[in-house]
Amino acid sequence: MTNALRGTMLALALAGAAAFGWTTSSTSVHAQESGTAAAFNPADLMPEIPALEAWRNSPHADLSKEAFRHWDEEEDKLIPEECSKCHSTTGYLEYLGADGSEPGVVTKQEIDPEHAPGIACMACHNTVAQNMTSIIFPSGDEAEVFTSDIRCMTCHGGRASTVQVNDKMVELGNPETDSVAADLAFINIHYRPAAATRFGGEARGGYEYDGKDYAGYYFHDRDSQTCNDCHSPHSLEVKVESCTDCHDEVDAANAETMRLVRSSKADYDANGDTSEGIHAEIAALHGQLFEAISSYADTVLGQPVIFRSTNYPYFFNDTNGNGEADDDEIAFPNRYQSWSPRLLKAAYNYNFISKDPGGYTHNPYYQLQLAYDSIADLAEGGSGVEVTGERPDE
Ligand code: HEC
Ligand code: HEC
Ligand code: HEC
Ligand code: HEC
Ligand code: HEC
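Its first residue numbered 1, the sequence shown is counted upward by one per residue in the numbering used here.
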């Protein structure tokens, strides 16, 4: 074992101890008995633990968040099988088989802040996670990945895809495209599916329309490719400074300026401006897609719809017909239930784009293509909102 490796392993063991609340009291008792207690402070022997502070202040360690507290009200207070691989360290270790269990099989997990604090060091720093070479997305598509950020991709790969949407239509006997299918419920990609966006058409995390080609993995640049090239794997923050090596638009002191980056020359939203950030092109098409969704729901299905990205299942009935998402309309019993197949596919893509706010960097062309194709499809169904700009063809 090299010294560097030994050092890292010691640090990890100590970080584990710190994170798990273990103490080193036996050492101090020993020291007192030996009569040198006054001069000896075991804390002096503790090397600084790399990454600990950054991790502690990150969302992965923020146990107050809904992502870790969602099950507090359940009777058994357990995180169910279908959620635990991404919402607990023990569940992820079980999914990987890093705890000696069969890989891929996940059971209910305790919400146990003391023993499994959020997404802890050992979720990512164990030999199974460190030696993984492929990832399977919800579509069943498998990607080979030989970089250390493969550890992020299971949890940030989303929970649905083109395949789940198409399978649902088959299961319901292929309901008519423009009629409300009573048994059709919203299908949800889930939160922050950055890896699904990065892999684009290779993961099919968006709803991909028949006969269209989609951008695959967005390579970006050799030095700005892995999750941890751009994000600290511990604080999770974007390293804004790193962008300035290649993009003049970015000011390291102002994260907002990342949204000004632009290299492509086509006018995707047809507003005549090809120098605005690619973020603005996506935002414009995303906005146009909602107009199309709203107009189609109104005029073709006769049931107005509203959207709020933070409240499951995101689409609700616009009961007062004012076109706004009002607080009293945002309630599960008022969820939108008048889906036609065409509307559901477009709404799936609208939500997919909303759920990845880094999409403009993770894979801008995939997001643009999904928005563009959804607008075009709704127009065919009579939304009255036509596509105007150019479809990215890469
Ligand atoms: C494939 C991984 C994955 C699975 C499986 C998964 N989640 Fe999540 N979930 C995530 C990620 C990643 C986030 C982080 C969202 C963020 O940072 O805002 C999240 C966030 C959440 C949140 C917090 C949303 C908020 O308002 O901040 C809730 C609630 C949630 N998930 C519920 C569930 C439930 C319930 C299940 C099981 C039915 C589940 N998740 C299964 C990955 C997953
Ligand atoms: C979400 C995944 C994840 C978690 C949680 C995590 N790490 Fe890391 N860590 C990584 C990745 C990815 C790297 C960089 C790639 C590698 O391992 O070679 C890394 C690198 C490191 C390194 C090498 C030096 C460096 O900073 O690049 C140390 C030491 C380390 N982590 C310690 C910790 C400790 C201690 C904790 C808990 C307090 C922790 N990590 C939690 C993913 C994680
Ligand atoms: C075991 C599952 C898991 C792994 C592995 C994982 N994450 Fe997360 N990630 C989550 C969950 C759950 C949250 C939400 C935490 C919260 O809301 O506080 C999250 C939150 C985040 C956020 C903050 C999002 C926000 O809404 O502010 C970022 C950024 C992130 N993760 C990046 C990464 C990166 C980069 C890696 C790999 C180094 C990684 N994650 C590995 C589950 C995971
Ligand atoms: C080329 C740089 C780059 C790469 C590679 C990258 N990201 Fe991002 N990521 C960003 C940027 C930029 C943002 C958006 C920051 C903003 O505008 O607020 C972002 C946003 C996110 C968010 C949402 C954070 C939030 O505050 O809501 C998550 C989660 C995330 N990335 C995870 C990942 C994961 C996981 C990977 C690898 C599969 C990855 N990212 C790869 C640059 C990158
Ligand atoms: C090592 C150089 C390099 C670094 C560092 C880098 N980029 Fe890039 N970026 C590129 C190149 C080259 C392209 C053009 C890629 C292409 O068109 O295929 C690009 C394209 C982009 C695009 C798409 C623009 C468009 O109009 O198509 C965005 C957005 C972007 N980068 C954001 C970022 C952000 C944010 C960071 C920092 C977190 C970053 N980049 C770091 C080299 C880099």
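All C-beta atoms in this analysis are idealised placements derived from N, C-alpha and C, irrespective of residue type, glycine included. Note that the structure is predicted; figures quoted are calculated from it, not measured.
Is S383 close to ligand 5? I mean its beta-carbon at under 6 Å from any heavy atom of the ligand.
Not under cutoff, so the answer is no.
So H286 and A371 are supposed to be a Cβ contact under 8 Å. How far apart are they, rounded?
Between A371 and H286 the Cβ distance is about 6 Å, and since that is below 8 Å, they are a contact.
Tell me which residues share the same chain as G384 and place their Cβ nearer than 6 Å to its Cβ, disregarding the 5 neighbours each side in the sequence.
Contacts found: S295.
Using three-state DSSP, classify I111 as helix, strand or coil.
Three-state result, I111: coil.
Does the distance between the C-beta of G230 and the nearest non-hydrogen atom of ligand 1 fall short of 6 Å?
Note on identity: in this sequence residue 230 is Cys, with Gly being the wrong assignment. Because no heavy atom of ligand 1 lies under 6 Å away, the Cβ of C230 does not count as near it: no.
I'd like the ranges of any alpha helix (DSSP H) spanning at least 4 consecutive residues and lying wholly in the region 204-237.
Taking only runs of at least 4 residues, the alpha helix (DSSP H) segments lying wholly in the region 204-237 are 227-230.
Can you tell which of D373, E276 and V261 has the C-alpha that lies nearest to the C-alpha of I293?
When only C-alpha atoms are compared, the closest one is D373.
Tell me which residues share the same chain as A98 and place their Cβ nearer than 7 Å to its Cβ, disregarding the 5 neighbours each side in the sequence.
If we look at A98 and ignore the five residues flanking it on each side, its Cβ neighbours are N126, V128 and A129.
Given 6 Å as the limit, tell me if Y360 has its C-beta closer than that to any heavy atom belonging to ligand 3.
Outside the cutoff, so no.
Roughly how many angstroms separate the alpha carbons of A376 and D298, rounded to a whole number?
Those two C-alpha atoms are separated by around 17 Å.
So G359 and Q369 are in contact, right, with Cβ under 8 Å, and what is the actual spacing, rounded?
Actually they are not in contact, since the Cβ atoms of G359 and Q369 sit about 12 Å apart, beyond 8 Å.
For A266, name the three-state secondary structure that DSSP assigns.
Correct three-state label for A266: coil.
With H, G and I counted as helix, E and B as strand and the rest as coil, what does DSSP make of N271?
Looking at N271 - three-state DSSP - the assignment turns out to be coil, as it is neither helix nor strand.
Could you pull out every residue in the same chain whose Cβ sits closer than 6 Å to the Cβ of Y207, ignoring the five residues on either side in sequence?
T162, V165, K345, Y348 and N349.
DSSP state of W22, grouped into three classes?
Note that W22 scores 36 on pLDDT, short of 50, meaning its location in the model is unreliable and no value can be drawn from it.
Compute the Euclidean distance between the alpha carbons of G277 and A181, then round it to the nearest angstrom.
In a straight line, the C-alpha of G277 is about 39 Å away from that of A181.
Does any heavy atom of ligand 4 sit closer than 6 Å to the C-beta of R335?
Answer for R335: no, Cβ out of range of ligand 4.
Just the Cα atoms here: how many angstroms apart are A100 and E94?
Here residue 100 turns out to be Gly, not Ala, going by the sequence shown. Cα to Cα, G100 sits roughly 8 Å from E94.
When the Cα atoms are used, what is the spatial distance from K108 to L96?
If I take the Cα positions, the gap works out to 15 Å.
Decide if A47 is buried, meaning its Cβ has at least 16 other Cβ atoms within 10 Å, or exposed.
Checking the sequence shown, residue 47 turns out to be Pro, not Ala. Exposed: under 16 other Cβ atoms inside 10 Å.
So the beta strand (DSSP E) N363 belongs to, where does it begin and stop?
Here N363 belongs to no beta strand (DSSP E), and DSSP marks it neither H nor E.
Looking at the unbroken alpha helix (DSSP H) that takes in S84, where does it start and where does it end?
Note, S84: alpha helix (DSSP H), E81 to H87.
Based on DSSP bridge pairs, tell me the residues matched to F290.
Partner(s): none; F290 has no beta bridge.
Does at least one heavy atom of ligand 2 sit under 6 Å from the Cβ of A51?
Yes, ligand 2 has a heavy atom inside 6 Å of this Cβ.
Between D326, L378 and H362, which has its C-alpha nearest C230's C-alpha?
Here the closest residue by C-alpha is H362.
Quick check on N166 - is its C-beta less than 7 Å from some C-beta in chain D?
The structure shown contains no chain D, having only a single protein chain.
Between the Cα of G272 and the Cα atoms of E380, G389 and F68, which residue gives the shortest distance?
Answer by Cα proximity: G389.
Please name the residue, chosen from A43, Y314, P42 and A61, that lies closest to A51 on a Cα-to-Cα basis.
Of the candidates A43, Y314, P42 and A61, the one whose C-alpha sits nearest the C-alpha of A51 is A61.
With DSSP as the reference, identify every bridge partner of A143, one or two as the case may be.
In the DSSP output, where bridge partners are listed per residue, A143 has I135.
Please confirm whether C124 and R151 have their CB atoms less than 7 Å apart.
Cβ distance < 7 Å, so C124 and R151 count as in contact.
Does at least one heavy atom of ligand 5 sit under 6 Å from the Cβ of R262?
Yes.
Under the DSSP definition of a beta bridge, which residues are partnered with D251?
Answer is N254.
Run the proximity test for P117: is its beta-carbon closer than 6 Å to any non-hydrogen atom belonging to ligand 2?
No.
Based on Cα-Cα distance, which residue from G157, L184, E241 and L45 lies nearest to H170?
Looking at the sequence itself, residue 170 is Val, so the reference to His does not match. Minimum Cα distance to V170 is reached at L184.
I want to check one thing, is the minimum distance from the CB of C243 to the heavy atoms of ligand 3 below 6 Å?
Flag unset: Cβ of C243 not near ligand 3.
If the criterion is Cβ atoms closer than 7 Å, does the pair T244 and V238 meet it?
Cβ distance not < 7 Å, so T244 and V238 don't count as in contact.
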